[in-house]
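Asker:
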Amino acid sequence: MVELASEAYRVVGVDDDPAILDLLRRVVESEGSVFYGALDGERGLELVRTHLPDAVVLDVMMPGIDGFEVCRRIKEDERLRIVPVLILTAMGSREHRVTAIQAGCDDFIPKPFSPTELKARIRSVARSKRLNELVRAQRDQLVRAQRAREELSAFLVHDLKTPLASIVLNSHIIAEEPLSEPGRKSLADIQRATETMERMVMNLLDVSQSDDGALKPRKVAIDVPKMFEEARRFVERSASHLAMDVRIEGAIELMADRDLLVRVLRNLLDNAARYSPQRGRIHLSATRVGSEVELCVGDEGPGIPEPDREKLFEKYGRLSGARPSRDSRGLGLVFCRRAIEAHGGRIAIDPTTTKGATFRIRLPCV
Numbered sequence: 001m002v003e004l005a006s007e008a009y010r011v012v013g014v015d016d017d018p019a020i021l022d023l024l025r026r027v028v029e030s031e032g033s034v035f036y037g038a039l040d041g042e043r044g045l046e047l048v049r050t051h052l053p054d055a056v057v058l059d060v061m062m063p064g065i066d067g068f069e070v071c072r073r074i075k076e077d078e079r080l081r082i083v084p085v086l087i088l089t090a091m092g093s094r095e096h097r098v099t100a101i102q103a104g105c106d107d108f109i110p111k112p113f114s115p116t117e118l119k120a121r122i123r124s125v126a127r128s129k130r131l132n133e134l135v136r137a138q139r140d141q142l143v144r145a146q147r148a149r150e151e152l153s154a155f156l157v158h159d160l161k162t163p164l165a166s167i168v169l170n171s172h173i174i175a176e177e178p179l180s181e182p183g184r185k186s187l188a189d190i191q192r193a194t195e196t197m198e199r200m201v202m203n204l205l206d207v208s209q210s211d212d213g214a215l216k217p218r219k220v221a222i223d224v225p226k227m228f229e230e231a232r233r234f235v236e237r238s239a240s241h242l243a244m245d246v247r248i249e250g251a252i253e254l255m256a257d258r259d260l261l262v263r264v265l266r267n268l269l270d271n272a273a274r275y276s277p278q279r280g281r282i283h284l285s286a287t288r289v290g291s292e293v294e295l296c297v298g299d300e301g302p303g304i305p306e307p308d309r310e311k312l313f314e315k316y317g318r319l320s321g322a323r324p325s326r327d328s329r330g331l332g333l334v335f336c337r338r339a340i341e342a343h344g345g346r347i348a349i350d351p352t353t354t355k356g357a358t359f360r361i362r363l364p365c366v
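So for the sequence shown, the working numbering puts the first residue at 1; every next one is plus one.
(1) Tell me whether the region 17 to 35 and the region 140 to 155 touch, counting them as touching only if at least three CB pairs, one residue from each stretch, are closer than 8 Å.
(2) To the nearest angstrom, how far is the alpha carbon of I65 from that of D106?
(3) Is the separation between the beta-carbon of V157 and that of V201 shorter than 8 Å?
(4) Measuring CB to CB, does D54 end up less than 8 Å from K129?
(5) Please list the segments of the alpha helix (DSSP H) lying wholly inside the region 41 to 74, counting only runs of 4 or more residues, in order along the chain.
(6) Can you check which of these residues, E294, A103, T99, R121, is closest to R109 by C-alpha distance?
(7) Give the DSSP-derived three-state secondary structure of L284 in the structure shown.
(8) Which residues bound the alpha helix (DSSP H) around F313?
(9) Do E300 and R281 have their CB atoms nearer than 8 Å?
(10) Pick helix, strand or coil for A8, following the three-state DSSP scheme.
(11) Could you have a look at K111 and say whether DSSP puts it in helix, strand or coil?
(12) Let me know the secondary structure DSSP gives A239 once reduced to three states.
(13) Suppose only complete runs of 4+ residues qualify. What are the alpha helix (DSSP H) ranges in the region 249 to 278, listed by chain order?
(14) Alpha carbon to alpha carbon, how far is K75 from A154?
(15) Using a Cβ-Cβ cut-off of 7 Å (strictly less than) and excluding sequence neighbours within five positions of K119, which residues of its own chain qualify?
(16) Would you check if the distance between the CB atom of H367 and the CB atom of V12 is smaller than 8 Å?
(17) Considering only the beta carbon of each residue, do A90 and C71 sit closer than 8 Å?
(18) Can you tell me which of the three DSSP states E176 falls into?
(19) If we count the other Cβ atoms within 10 Å of its Cβ and call it buried at 16 or more, is R87 buried or exposed?
(20) Excluding the 5 residues preceding and the 5 following R10 in the sequence, name in chain order all residues of the same chain whose CB lies nearer than 6 Å to its CB.
(21) Assuming S166 contacts I190 under a Cβ cut-off of 8 Å, what Cβ separation, rounded to an integer in Å, is found between them?
(22) Should the region 338 to 348 be called in touch with the region 270 to 284, which here means at least 3 C-beta pairs below 8 Å?
(23) Rounded to the nearest angstrom, what separates P115 and D17 at their Cα positions?
(24) Once you ignore the five residues that flank L47 on each side, which residues in its own chain have a CB closer than 6 Å to its CB?
(25) When DSSP labels each residue in this structure, what does D77 get in the three-state scheme?
(26) Go ahead and label R233 buried or exposed: buried means 16 or more other beta carbons lie within 10 angstroms of its beta carbon, across all protein chains shown.
(27) For the beta strand (DSSP E) holding V98, just list the boundary residues, first then last.
(28) Got a sec, what are the start and stop residues for the beta strand (DSSP E) R25 sits in?
(29) By how many angstroms is the C-alpha of L179 removed from the C-alpha of H343?
(30) Relative to the alpha-carbon of R360, which residue among V366, P307, E292, R49 has its alpha-carbon at the smallest distance?
(31) Do the CB positions of R288 and G250 come within less than 8 Å of each other?
(32) Just curious, the beta strand (DSSP E) that E300 is in, first and last residue?
(33) Let me confirm a value: V85 is counted as buried when at least 16 other C-beta atoms fall within 10 Å, else exposed. Which label applies?
(34) Any idea if G290 is buried or exposed, counting beta-carbon neighbours within 10 angstroms, 16 or more meaning buried?
(35) Less than 6 Å between C-beta atoms, sequence neighbours within five positions excluded: which residues of the same chain meet that for L205?
(36) With DSSP as the reference, identify every bridge partner of I349, one or two as the case may be.
Structure (structure tokens):
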């Protein structure tokens with residue numbers, strides 16, 4: 001990683017006048033920095049490519065390629081364009097300044113230059129370049145870390161799906177056998193935990209896909225009552241202590257990815273069941289609102305404090321309110337938002353709900 005503590009910079013100076021070049025060298029080296037000098041543009045470019053300096057000081061008029069062309073070539077090179085270029089120019093030379101700006105120069109130094117001003121300008125642009133390098137290095141580090149997390153997620157999903165499928169299959173086989181009451185209860189606990197893990201694995205997979213832009217809905221005509229019934233069946237065990245009100249107003253026409261929407265509803269219903277009181281009610285509804293369909297899932301739990309409502313949809317968001325041991329929402333609601341947004345829709349907590357929490361989804365009809 002780039003360190004900013006050292007103030008010793010690398011500077012390339014290019015001028016066809018040996019006296020000016022020597023003056024540049026003395027000014028730069030008086031700061032404890034390293035100077036590389038060239039008497040023509042071609043040699044100057046070689047030095048820039050070799051040493052990747054923190055600043056380049058260019059004269060304009062030189063034999064061969066001039067300072068403008070040297071600057072232009074530096075800025076056109078992806079590896080070099082971060083290097084700041086200072087152009088020496090006569091005071092009042094407007095034409096030179098315009099051409100230098102068009103070539104991509106970062107600053108001007110008037111001729112004759114003041115050693116003090118030259119030091120200050122070199123120090124300023126060199127420090128900016130070091131800061132840019134630091135930002136790039138940190139960005140690259142974050143990108144690598146994100147890629148490593150995504151690869152780990154992919155491995156986890158792949159490695160977990162097979163044993164989970166085996167547990168599900170064998171639990172169904174065991175369920176066909178005569179079991180004691182405690183055994184049947186234990187089996188139900190196993191099945192419930194397995195379903196939760198399956199949901200977590202699929203959420204992890206889909207969130208990873210949405211990070212890569214690969215979560216693309218396959219839209220078909222949706223039978224909303226059947227979709228509601230399928231989602232409800234998936235949460236029967238976790239919501240067995242609750243009543244569920246289902247309301248569909250009018251004929252609802254909706255084009256969407258059925259599998260994604262069922263999983264969104266499963267996640268929302270599972271959350272509602274988890275935070276509802278004993279013998280509470282869960283509300284599930286669908287309504288046509290103009291050119292959109294609104295789907296709502298509500299519960300009678302403690303509700304969501306205002307500061308936490310956006311955190312719900314963040315990766316691994318943790319709420320600040322009551323019941324800290326149960327407030328980790330994992331990736332379920334992250335998946336919900338991304339799946340809905342992939343449809344061109346939106347999902348949010350209803351701010352007007354006075355009891356419990358209500359999630360409102362708006363989707364375009366087609």
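Heads up, the beta-carbon is just placed ideally off N, CA and C, and yes, glycines get one too.
Predicted model, so just to flag it, every value in this text is computed and none were measured.
Answerer: In short, the structure shows the following:
(1) no
(2) 19 Å
(3) yes
(4) yes
(5) 41 to 51
(6) It should be pointed out that residue 109 corresponds to Ile in this sequence rather than to Arg. Comparing Cα-Cα distances from I109 to each of E294, A103, T99, R121, the minimum goes to R121.
(7) strand
(8) First-last for F313: undefined, no H or E at that position.
(9) yes
(10) coil
(11) strand
(12) coil
(13) 258 to 275
(14) 39 Å
(15) V27, E31
(16) Because the chain here runs from 1 to 366, residue 367 falls outside it and cannot be looked at.
(17) no
(18) coil
(19) The amino acid at residue 87 is misidentified as Arg; the sequence shows Ile. I87 comes out buried.
(20) V34, H51, P53, D54
(21) Not really, about 12 Å apart at Cβ, beyond 8 Å.
(22) no
(23) 17 Å
(24) V12, Y36, A38
(25) coil
(26) exposed
(27) Run containing V98: none in the beta strand (DSSP E); it sits in the alpha helix (DSSP H), 94 to 103.
(28) Segment 18 to 29 is the alpha helix (DSSP H) holding R25; no beta strand (DSSP E) there.
(29) 45 Å
(30) E292
(31) yes
(32) Taken as a continuous stretch (DSSP letters only), E300 belongs to no beta strand (DSSP E), as it is neither H nor E.
(33) buried
(34) exposed
(35) V157
(36) F359
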